[in-house]
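*Asks:*
Structure follows, in structure tokens:
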């Protein structure tokens, strides 16, 4: 007599979209691959992201961008 094997399937959530099961596995796999190929940020992009913070006024952001370009501020 053979004993039937019991297979347990555990559905874990998708690491990209968080759904279980993932409704778009090909899209999520493509996104994961693209994220791995992402280039490191350059200094200018880091500055711009810093200036997007909620505590930075428009005037301060404008001043820092102008000064970085080597121009005088009004």
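In our numbering, the protein residues as written are 596 to 669.
For glycine and all other residues, C-beta sits at the position ideal for the given N, C-alpha and C.
1) Please confirm whether residue 607 and residue 627 have their CB atoms less than 9 Å apart.
2) For residue 634 and residue 601, what's the separation of their Cα atoms in angstroms?
3) Keeping to the same chain, check which residues put their C-beta closer than 8 Å to that of residue 655; ignore five residues upstream and five downstream.
4) Mapping the DSSP letters down to three states, classify residue 635 as helix, strand or coil.
5) Distance, Cα to Cα, residue 649 vs residue 614?
*Replies:* Quick answer:
1) By one-based count along the chain shown, residue 607 stands at place 12. By one-based count along the chain shown, residue 627 stands at place 32. No; because the gap between Cβ atoms is not below 9 Å, this pair is not in contact.
2) Here residue 634 refers to the residue found at position 39 of the chain shown. Here residue 601 refers to the residue found at position 6 of the chain shown. About 46 Å.
3) Here residue 655 refers to the residue found at position 60 when the chain shown is read from its first residue. So the list reads 646, once near-sequence residues are dropped.
4) In the chain shown, counting from the first residue as 1, residue 635 sits at position 40. Here residue 635 sits in coil by DSSP.
5) Position 54 of the chain shown, counted from the start, is the residue given in the question as residue 649. Position 19 of the chain shown, counted from the start, is the residue given in the question as residue 614. Roughly 31 Å between the two C-alpha positions.
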